[in-house]
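S.K.: In this note's numbering, the protein residues as written are 1091 to 1280.
Glycine residues also receive a C-beta, built at the ideal position from the N, C-alpha and C atoms.
Remember, predicted model here, so these are calculated numbers, not experimental data.
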Ligand code: ADP
Ligand code: 5GP
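1) Which partner residues does residue 1151 have in the DSSP bridge list?
2) Considering only the alpha carbon of each residue, which of 1263, 1245, 1194 lies closest to residue 1101?
3) Which word fits residue 1182, buried or exposed, when buried means at least 16 other C-beta atoms lie within 10 angstroms of its C-beta?
4) Go ahead and label residue 1145 buried or exposed: buried means 16 or more other beta carbons lie within 10 angstroms of its beta carbon, across all protein chains shown.
5) Does the beta-carbon of residue 1166 have 16 or more other beta-carbons within 10 angstroms, so that it is buried, or is it exposed?
6) Have a look at 1234, 1190, 1174, 1169 and flag the residue whose alpha-carbon is nearest the alpha-carbon of residue 1247.
7) What residue from 1119, 1112, 1171 has the CA that sits closest to residue 1131's CA?
8) Within the present structure, is the beta-carbon of residue 1177 separated from the nearest heavy atom of the ligand 5GP by less than 8 Å?
9) For a quick check, are the C-beta atoms of residue 1180 and residue 1160 less than 9 Å apart?
10) Hey, could you find the ends of the beta strand (DSSP E) residue 1108 is sitting in?
11) Since residue 1218 contacts residue 1271 with CB under 8 Å, what's their CB separation in whole angstroms?
12) Spatial neighbours of residue 1114 within its chain, please: C-beta separation below 6 Å, excluding the five flanking residues on both sides.
13) Determine which residues share a DSSP beta bridge with residue 1178 and list them.
14) I need the straight-line Cα distance from residue 1238 to residue 1191, nearest angstrom please.
15) Spell out the partners DSSP gives residue 1195 in its beta bridges.
16) For residue 1230 and residue 1168, I'd like the C-alpha separation in whole angstroms.
17) Shorter than 8 Å, the distance from the beta carbon of residue 1265 to the closest heavy atom of the ligand ADP, or not?
18) Enumerate in chain order the residues of its own chain whose CB-to-CB distance from residue 1116 is below 8 Å, with the five nearest sequence positions on each side excluded.
19) What distance in whole Å lies between the Cβ atoms of residue 1260 and residue 1214, which are believed to be in contact at a cut-off of 8 Å?
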């Protein structure tokens, strides 16, 4: 990725929206995509699809072997391991969208956000915080698509992510009331 892709009026801007699993990123990102007409970066992942998720829309669901080939061919802008699975951002669609003047939104975890900020310091990185860890657990359970063991793992990871966030992100947005959080996010994504 060429650093000069961000910052010119003719090209789009790259936005990273991160936060613990279950904090409400998808809810916020969906609203921002609709309001701003931005493109969503569809990640590749080795995890199984959840009910309601579509291949090629929510994620590209790939095997570990397919993911490793993408890494070897330098097809990923960043990638990281999360909850025992691999996740990565395909480079090509992002370059295409930015080159066409379209903003792009990435929903990725901390390690990936750090890699993107290293490669493209002009990217704007926002971390979504839960009002409390208890509320985060409630939202994870209410989604009803993840096992107890997975929820425990995600909560432990969430605590670490929240501790790291101030050193990685440009902005922090608390998702207490969803509409208020969306407004704050739209202020950051003009
Ligand atoms: P993420 O994409 O961060 O994993 P989701 O957007 O899937 O999170 O949200 C997790 C759950 O929390 C969903 O059931 C969603 O409807 C709910 N949720 C999102 N934002 C709020 C909020 N501000 N208050 C209460 N529930 C919320
Ligand atoms: P989930 O399995 O709940 O969809 O996502 C788990 C975590 O992986 C979330 O924090 C999400 O932001 C992150 N994630 C999704 N796609 C990518 C990606 O392409 N790269 C990185 N580094 N993280 C990702």
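M.R.: So, from the data block:
1) On the chain shown, position 61 is the one that residue 1151 refers to. Beta-bridge analysis with DSSP links residue 1151 to 1135.
2) Along the chain shown, one-based indexing puts residue 1101 at 11. Checked all of 1263, 1245, 1194; the closest Cα to residue 1101 is 1194.
3) Stepping through the chain shown from its first residue, residue 1182 is reached at position 92. Under this definition residue 1182 is an exposed residue.
4) On the chain shown, position 55 is the one that residue 1145 refers to. Residue 1145 is exposed by the Cβ-count criterion.
5) Taking the chain shown and counting its residues from 1, the one referred to as residue 1166 is at position 76. So residue 1166 ends up on the buried side.
6) Looking up residue 1247 in the chain shown gives position 157. Selected option, being the one with the closest Cα: 1174.
7) As a first step, residue 1131 must be located in the chain shown, where it is residue number 41. Closest option to residue 1131, Cα to Cα, is 1119.
8) Locating residue 1177 in the chain shown gives position 87, where the first residue counts as 1. Yes, the beta carbon of residue 1177 sits closer than 8 Å to at least one heavy atom of the ligand 5GP.
9) Mapped onto the chain shown, residue 1180 falls at position 90. Mapped onto the chain shown, residue 1160 falls at position 70. Cβ distance < 9 Å, so residue 1180 and residue 1160 count as in contact.
10) In the chain shown, counting from the first residue as 1, residue 1108 sits at position 18. Residues 1104-1108.
11) As a working note, residue 1218 is residue 128 in the chain shown. As a working note, residue 1271 is residue 181 in the chain shown. At roughly 7 Å, the Cβ-Cβ gap stays under 8 Å, so residue 1218 and residue 1271 are in contact.
12) Walking along the chain shown from the start, residue 1114 turns up at place 24. The residues are 1265.
13) Taking the chain shown and counting its residues from 1, one reaches residue 1178 at position 88. Partner(s): 1134, 1169.
14) Taking the first residue of the chain shown as 1, we reach residue 1238 at position 148. Taking the first residue of the chain shown as 1, we reach residue 1191 at position 101. Those two C-alpha atoms are separated by around 43 Å.
15) Residue 1195 sits at position 105 when you count from the first residue of the chain shown. Bridge partners of residue 1195: 1105, 1130.
16) Counting from one through the chain shown, the residue named residue 1230 turns up at place 140. Counting from one through the chain shown, the residue named residue 1168 turns up at place 78. For residue 1230 and residue 1168, the distance between alpha carbons rounds to 26 Å.
17) Along the chain shown, read from residue 1 onward, the residue named residue 1265 stands at position 175. Answer for residue 1265: yes, Cβ within range of the ligand ADP.
18) By one-based count along the chain shown, residue 1116 stands at place 26. Annotation for residue 1116: 1197 place their beta carbon closer than 8 Å to its own, counting only its chain and skipping 5 residues before and after.
19) Within the chain shown, numbered from 1, the residue matching residue 1214 stands at position 124. Within the chain shown, numbered from 1, the residue matching residue 1260 stands at position 170. Right, the Cβ-Cβ distance comes to about 6 Å (below 8 Å), so this counts as a contact.
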